[in-house]
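Here's the structure we're looking at; comments come further down.
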Amino acid sequence: MELKVLNIKGAETGEVVTLNDEIFAVEVSEHAMYLDVKAILANRRQGTHKAKTRAEVRGGGKKPLRQKGTGNARQGSTRSGLMVGGGTIFGPVPRSYEQKVNRKVKQLARRSALSAKAASGQIVVVEDFSLEAIKTRPVADMLKSLGLNEKKTLLLMPFHDSVVSTSGRNIAKLNVMVADQASTYDILNSQAVLFQKAALQKIEETLG
-9 MELKVLNIKG AETGEVVTLN DEIFAVEVSE HAMYLDVKAI LANRRQGTHK
41 AKTRAEVRGG GKKPLRQKGT GNARQGSTRS GLMVGGGTIF GPVPRSYEQK
91 VNRKVKQLAR RSALSAKAAS GQIVVVEDFS LEAIKTRPVA DMLKSLGLNE
141 KKTLLLMPFH DSVVSTSGRN IAKLNVMVAD QASTYDILNS QAVLFQKAAL
191 QKIEETLG
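This note's numbering numbers the first residue of the sequence shown as -9 and each following residue consecutively.
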């Protein structure tokens, strides 16, 4: 697949790039994407939830009522899970939600996500650019010129540029990342993937 390279004004530069078919034209594996996204979201969970059991709540030393003659059920402690103020029965306890996915499956998932975006025309290539100072306006103007200002956009760069990253931080629908760090979830969670030209080579080194 060939794509025209645009400048930050949205005009064609006359240059054309060829997308690697091994990355952008593979058979989409929905199951691999499902496994990878599920693991990514699960690994974000802290797992610090906790409810006190009857052994951990305060009080309960005195028998609340006598054993016989009240007509009520027998009660040995006010901290029972059946009583107000008692412990929680089978409540949540701290745990790890970590899930592991094989490296080949993760790579297949990322290739599938990029191939799906390419097939639906949601990949845009822009010439390499940098900013002299941290300003949101140039980045916002670029997105508007490219017709991406209303879309959730993932901007992929060949290397970390703190000026560009910080400039795009205030744009709600923009996510700026280094190309080789973008996960399957990041790609699928965007409506458009905007590549800097040099970032294509970076992604080929990672997934090619």
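By construction, the Cβ of each residue, glycine as well, lies at the ideal position given by its N, Cα and C atoms. All values reported here derive from a predicted model rather than from experimental measurement.
{"Asked": "Cβ-Cβ distance between V115 and V(-5) below 9 angstroms", "Found": "yes"}
{"Asked": "Opening and closing residue of the beta strand (DSSP E) in which A236 lies", "Found": "This structure gives no information on residue 236, because the portion of the chain shown stretches from -9 to 198."}
{"Asked": "Under 9 angstroms between C-beta atoms of R64 and Q57", "Found": "yes"}
{"Asked": "Rounded separation between N(-3) and Q36 - CA only", "Found": "42 angstroms"}
{"Asked": "N62 burial status per 10 Å Cβ neighbour count (16 or more: buried)", "Found": "exposed"}
{"Asked": "C-beta contact flag for F185 and I193 at 9 angstroms", "Found": "yes"}
{"Asked": "I113, DSSP secondary structure in three states", "Found": "strand"}
{"Asked": "Reduced DSSP category for M(-9) - H, G, I as helix; E, B as strand; rest coil", "Found": "coil"}
{"Asked": "Inter-residue spacing [alpha-carbon to alpha-carbon] between R101 and F14", "Found": "6 angstroms"}
{"Asked": "Alpha helix (DSSP H) runs wholly inside the segment 20 to 74, at least 4 long, in chain order", "Found": "20 to 33"}
{"Asked": "Sub-9 angstroms separation of V168 and A182 beta-carbons", "Found": "no"}
{"Asked": "Contiguous alpha helix (DSSP H) assignments of at least 4 residues, all confined to the segment 125 to 174", "Found": "126 to 135 and 152 to 157"}
{"Asked": "CA nearest to the CA of N179, picked from K96, K141 and N160", "Found": "K141"}
{"Asked": "Nearest to D26 (by Cα), restricted to the options G66, A45 and V91", "Found": "V91"}
{"Asked": "Status (buried if at least 16 other CB within 10 Å, exposed otherwise) for L31", "Found": "exposed"}
{"Asked": "Cα-Cα separation between S110 and A103, rounded to whole angstroms", "Found": "11 angstroms"}
{"Asked": "Three CB pairs or more closer than 8 angstroms across the segment 146 to 161 and the segment 73 to 86", "Found": "no"}
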